[in-house]
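**Q**
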Amino acid sequence: MRLRSLVLWDIRFQTRYGFYFLYAVLTAIYVAILSAVPESWREKAAAILIFSDPASMGLFFMGAIVLLEKSQRTPWALAVSPVRAAEYIAAKVMSLSAISLVVAAVLTAAAGVDAGANAGAYGSVGAGAFGSVDSYIVLLGTVLSSAVFTLLGIIIATRISSLNQFILWTVPVELVCFVPAILHLFRVGSPLADSMAANPRGPVQICMQTCTQTCTPGSSSAAAAAAWLRYYPASVCMEMVSGQVPSPIGILMVMALIGVLFVAAKYCVLNMWGRMGGGKL
Amino acid sequence: MIQVNNLSFSYTKQPFISHMTFSVSPGEIFGFLGPSGAGKSTLQKVLTGMLTAYQGSAMVNGVECRKRTKRFYEDIGVDFEFSTMYEKLTARENLRFFASLYEKKPRPIDELLEMVGLERDGDKRVSQYSKGMKARLNFIRALLHDPALLCLDEPTNGLDPTNSRMMKDMILAQKARGKTILLTTHNMQDAAELCDRVAFIVGGRICALDSPHNLIMSKGAATVTYTWLEDGEHSASCPLDRLSADGKLKKLISENRLQSIHSSEPTLNDIFMEITGRTLL
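Heads up: the protein sequence lines correspond to chains A and B, in order.
To convert, note that position 249 of the first sequence is 249 in our numbering; the numbers rise steadily by one, no gaps.
In our numbering, each number is its position in the second sequence, counted from 1, plus 1000.
#1: With a threshold of 8 Å between beta-carbons, can Tyr-267(A) be considered close to chain B, or not?
#2: What residues from the region 71–83 of chain A come within 7 Å of chain B, judged by C-beta to C-beta, listed N to C?
#3: Would you list, in sequence order, the uninterrupted alpha helix (DSSP H) runs of no fewer than 4 residues that lie entirely inside the region 137–185 of chain A?
#4: Go ahead and pull the three-state DSSP assignment for Ser-1041(B).
#5: When the Cα atoms are used, what is the spatial distance from Asp-1210(B) to Asn-1061(B)?
#6: Suppose the cutoff is 8 Å on Cβ atoms and the five residues either side in sequence are ignored; what does the same chain contact list for Leu-68(A) look like?
#7: Can you name the residues of chain A whose CB is closer than 7 Å to the CB of Glu-1074(B)?
#8: Of the residues Ile-1201(B), Thr-1227(B) and Ala-1245(B), which one's Cα is nearest the Cα of Met-1273(B)?
#9: Going by DSSP in three states, Cys-207(A) sits in which element: helix, strand or coil?
#10: Consult DSSP for Cys-268(A) and reduce its assignment to one of helix, strand or coil.
#11: Tyr-1011(B) and Pro-82(A) look like a contact to me (Cβ under 8 Å); what is the Cβ gap, rounded to whole Å?
#12: Check each candidate in Gln-1014(B), Lys-1045(B), Pro-1147(B) and Leu-1143(B) and name the one with the smallest Cα separation from Arg-1071(B).
#13: Beta strand (DSSP E) containing Leu-8(A): first to last residue?
#14: Let me know the alpha helix (DSSP H) ranges lying completely inside the region 1176–1210 of chain B, each 4 residues or longer, listed in chain order.
#15: Which partner residues of Thr-1225(B) appear in the DSSP bridge assignment?
#16: What residue does the alpha helix (DSSP H) around Leu-96(A) start on, and which one ends it?
#17: Extract the residue ranges of the alpha helix (DSSP H) inside the region 1061–1135 of chain B, only unbroken runs of 4 or more that lie entirely within it.
#18: Below 7 Å between beta carbons is the criterion; list the residues of the region 25–52 of chain A that meet it against any residue of chain B, in chain order.
#19: Excluding the 5 residues preceding and the 5 following Asn-1138(B) in the sequence, name in chain order all residues of the same chain whose CB lies nearer than 6 Å to its CB.
#20: Give the straight-line distance between the Cα atoms of Thr-158(A) and Pro-1239(B), rounded to the nearest whole angstrom.
#21: Near Gly-141(A), which residues of its chain fall below 6 Å by C-beta distance, leaving aside the five closest residues on each side in sequence?
#22: With a 10 Å radius around its C-beta and 16 neighbouring C-beta atoms as the bar for buried, classify Ile-167(A) as buried or exposed.
#23: If Thr-1042(B) sits next to Ile-1017(B), beta carbons under 8 Å apart, how far is it from one beta carbon to the other, in whole angstroms?
#24: Classify His-1019(B) as helix, strand or coil using the three-state DSSP reduction.
#25: Tell me, please, which residues DSSP counts as bridged to Ala-979(B).
#26: I'd like the list of long-range same chain contacts for Trp-9(A), defined as Cβ closer than 7 Å, with 5 residues on each side in sequence excluded.
#27: By the 10 Å Cβ neighbour count, where 16 or more other Cβ atoms means buried, how is Thr-1276(B) classified, buried or exposed?
#28: Identify the residues that DSSP records as bridge partners of Asp-1153(B): which are they?
#29: When the Cα atoms are used, what is the spatial distance from Glu-1255(B) to Glu-1265(B)?
#30: Please say whether Leu-1149(B) and Ala-1099(B) have beta carbons closer to each other than 8 Å?
#31: When the Cα atoms are used, what is the spatial distance from Ile-1216(B) to Ala-1191(B)?
#32: Out of Phe-262(A), Ile-156(A), Gly-58(A) and His-184(A), point me to the one whose CA is closest to Pro-246(A)'s CA.
#33: Using beta carbons (cut-off 8 Å, strictly below), is Tyr-17(A) in contact with chain B?
#34: Please check if any C-beta of chain B sits within less than 8 Å of the C-beta of Gly-274(A).
#35: Check whether the Cβ atoms of Phe-1030(B) and Asp-1196(B) lie closer than 8 Å to each other.
#36: Quick one, are the C-beta atoms of Ser-1263(B) and Thr-1223(B) less than 8 Å apart?
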């Protein structure tokens, strides 16, 4: 009951602070971009757009949200209320996931995926590159990615006191999360990349081929690294966002990461409340 | 209501709160007085369950604070010195949000707004409120769930005389409703007017604990100062309890030659300085 209330009020705060308006505008821009790119690029462009914005918005927006709350001292009041840290975190994750989900659904539709289709238009290239595609997988991937990034955002935001500090802290997180995921999306170093490159279907494949030839000139260690990259949680999320069904081990890795991040976020929130709660007397 | 026994707490190896022992009865207004860094904030954090790594015992509402669950907060209301409201929400929305966090049925919001004279401003955003209005709104937020214990932090700080009077009357009205109130203030007049008992805290220790009246009377007897004309104006003083032994005064009274006579008592601030060797400001 309290969690439901926290989620609804979080959505209300986000609406009042213009998050929904902002994402309505951004979604319109993204849809325009998607409709402008060649069809053969569209699914990769959609995957990158979804992963880099709606799915990872939590990382950036948690900084703004928590700093805003700190500036209004509302965590002081929450610290001495019956709200549990876990409820506070879950509400933030759910409310931001809701925006991520809506934006991702629109972008998925704009990229031409039919709900439940196993190899729709969105998956036409993906089918060659990653296998079957399902828009539900895209949305599930978005929610899982959103949870990971929101939890990372909470962990960082509770420990900093200015937006500059927050931006600095997000840089290494972005590097660790985005670079491997994008490399994985383009199959850099993957033994599969050769077969994909041998079947060029457009600029994306040419790009992948170039990357492959540059990065893995027959290097078995790079191929091994790429194979391991498949289980890297950010890569698994990217796989799902790009419409591919992940391996069970990959899913397990993501769920384990969410669990670990949730516990860490809970510790950070309690720490923040401990520093603030009780008031300065 | 509150039973603190041999309480000690430390942030480092140096003790910050040392061997505090006191109790607060139901329906009592208990004041903490002390300079900044004296340990009042830490003490309140312990009593509101925010700091649990203490030695000794701190029982609130029959619950040992280190073992508190979130239900502990169903019966505690904390009014911070600063506004802890969401500025973009209206007063009514803020109260609805905070009321939704408690299992107890909240007190009617309109009734609370009317109690502090904000009934016509309930639909204004908190960002549009003056400092006095925010202080009153903060106060009723602490009353929303009708808690048995109220912790008030500098409730009259920065308020104009009218708002300050209104706040003190509201505090006394809560006492009349049987609430137990912990009050921290730098304002000795407020403490003397509101508190049944006060504790002087300096260096993490309680230096004195009694009713304001007893503290004043025990440390400095009231004096009587009188003036008369005799080749110009003269004045003399004598302790109130030795008035009958003052021959000069008796003579002046019998001759009806007194120009003025008045008694004066030391203030709580004088007593604080005498006991602790410190000022509060």
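No residue lacks a Cβ here, since even glycine has one placed at the ideal position from N, Cα and C.
**A** Judging by the given coordinates:
#1: The count along the first sequence starts at 1 and reaches residue 267(A) at position 267. So no, Tyr-267(A) is outside the interface.
#2: Against chain B - using a Cβ distance shorter than 7 Å - the residues of the region 71–83 of chain A are Gln-72, Arg-73, Thr-74, Trp-76, Ala-77, Ala-79, Val-80, Ser-81, Pro-82 and Val-83.
#3: Secondary structure within the region 137–185 of chain A: the alpha helix (DSSP H) runs of 4 or more consecutive residues, fully enclosed, are 163–185 (chain order).
#4: The sequence position of residue 1041(B) within the second sequence is 41, counting from 1. Ser-1041(B): helix per DSSP, three-state reduction.
#5: On the second sequence, position 210 is the one that residue 1210(B) refers to. On the second sequence, position 61 is the one that residue 1061(B) refers to. If I take the Cα positions, the gap works out to 22 Å.
#6: By one-based count along the first sequence, residue 68(A) stands at place 68. If we look at Leu-68(A) and ignore the five residues flanking it on each side, its Cβ neighbours are Tyr-17.
#7: Stepping through the second sequence from its first residue, residue 1074(B) is reached at position 74. Per Cβ cutoff of 7 Å: Pro-82.
#8: Translated into positions along the second sequence, residue 1273(B) becomes position 273. Cα-wise, what sits closest to Met-1273(B) is Ile-1201(B).
#9: In the first sequence, the residue the question calls residue 207(A) occupies position 207. Reliability of the predicted coordinates at Cys-207(A) is poor, the pLDDT of 44 falling under 50, and no value is obtained from them.
#10: Working through the first sequence from its first residue, we reach residue 268(A) at position 268. Cys-268(A): helix per DSSP, three-state reduction.
#11: For this step, residue 1011(B) is matched to residue 11 along the second sequence. For this step, residue 82(A) is matched to residue 82 along the first sequence. The Cβ separation is near 27 Å, so there is no contact.
#12: Counted from its first residue, the second sequence places residue 1071(B) at position 71. The shortest Cα separation from Arg-1071(B) among Gln-1014(B), Lys-1045(B), Pro-1147(B) and Leu-1143(B) belongs to Pro-1147(B).
#13: Indexing the first sequence from 1 puts residue 8(A) at position 8. Per DSSP, Leu-8(A) is not a residue of any beta strand (DSSP E); the alpha helix (DSSP H) it occupies stretches across 2–16.
#14: Runs of the alpha helix (DSSP H) lying entirely within the region 1176–1210 of chain B, each at least 4 residues long, are 1188–1194 in chain order.
#15: Here residue 1225(B) corresponds to residue number 225 of the second sequence, with the count starting at 1. For Thr-1225(B), DSSP records a beta bridge to Ser-1237(B) and His-1262(B).
#16: Working through the first sequence from its first residue, we reach residue 96(A) at position 96. Leu-96(A) -> alpha helix (DSSP H) spans 85–111.
#17: Listed in chain order, they are 1091–1099 and 1109–1115.
#18: Answer set for the region 25–52 of chain A: empty.
#19: The residue you call residue 1138(B) lines up with position 138 of the second sequence. Same-chain partners within the cutoff: Asp-1079 and Ser-1083.
#20: As a first step, residue 158(A) must be located in the first sequence, where it is residue number 158. As a first step, residue 1239(B) must be located in the second sequence, where it is residue number 239. Looking at the two C-alpha atoms, the distance is approximately 59 Å.
#21: Counting from one through the first sequence, the residue named residue 141(A) turns up at place 141. Listed in chain order, the non-local C-beta contacts of Gly-141(A) below 6 Å within the same chain comprise Cys-237, Met-240 and Val-241, local neighbours out to five positions each way being set aside.
#22: Taking the first residue of the first sequence as 1, we reach residue 167(A) at position 167. Result: exposed.
#23: As a first step, residue 1042(B) is located in the second sequence; it is residue number 42 there, counting from the start. As a first step, residue 1017(B) is located in the second sequence; it is residue number 17 there, counting from the start. Contact check for Thr-1042(B) and Ile-1017(B): beta-carbon distance about 6 Å, within the 8 Å limit, so the pair qualifies.
#24: Counting from one through the second sequence, the residue named residue 1019(B) turns up at place 19. Taken through DSSP and simplified to helix, strand or coil, His-1019(B) comes out as strand.
#25: Outside the modelled stretch of chain B, which goes from 1001 to 1281, sits residue 979(B), for which no answer is possible.
#26: To locate residue 9(A), count along the first sequence from 1; it is residue 9. The answer is none, since no qualifying residue turns up.
#27: Counted from its first residue, the second sequence places residue 1276(B) at position 276. It counts as buried.
#28: Mapped onto the second sequence, residue 1153(B) falls at position 153. Bridge partners of Asp-1153(B) according to DSSP: Thr-1184(B).
#29: Residue mapping note: residue 1255(B) aligns to position 255 of the second sequence, counting from 1. Residue mapping note: residue 1265(B) aligns to position 265 of the second sequence, counting from 1. Rounded to whole angstroms, the separation of the alpha carbons of Glu-1265(B) and Glu-1255(B) is 27 Å.
#30: Position 99 of the second sequence, counted from the first residue, corresponds to residue 1099(B). Position 149 of the second sequence, counted from the first residue, corresponds to residue 1149(B). With contacts defined by Cβ atoms closer than 8 Å, Ala-1099(B) and Leu-1149(B) do not form a contacting pair.
#31: Numbered from 1 along the second sequence, position 216 holds the residue referred to as residue 1216(B). Numbered from 1 along the second sequence, position 191 holds the residue referred to as residue 1191(B). Those two C-alpha atoms are separated by around 12 Å.
#32: On the first sequence, position 246 is the one that residue 246(A) refers to. Selected option, being the one with the closest Cα: His-184(A).
#33: Residue mapping note: residue 17(A) aligns to position 17 of the first sequence, counting from 1. Yes, contact with chain B.
#34: Numbered from 1 along the first sequence, position 274 holds the residue referred to as residue 274(A). Chain B, which has a Cβ nearer than 8 Å to the Cβ of Gly-274(A), makes this yes.
#35: Here residue 1030(B) corresponds to residue number 30 of the second sequence, with the count starting at 1. Here residue 1196(B) corresponds to residue number 196 of the second sequence, with the count starting at 1. Yes. Within cutoff.
#36: Within the second sequence, residue 1263(B) is the residue found at index 263, counting from 1. Within the second sequence, residue 1223(B) is the residue found at index 223, counting from 1. Closer than 8 Å, so yes.
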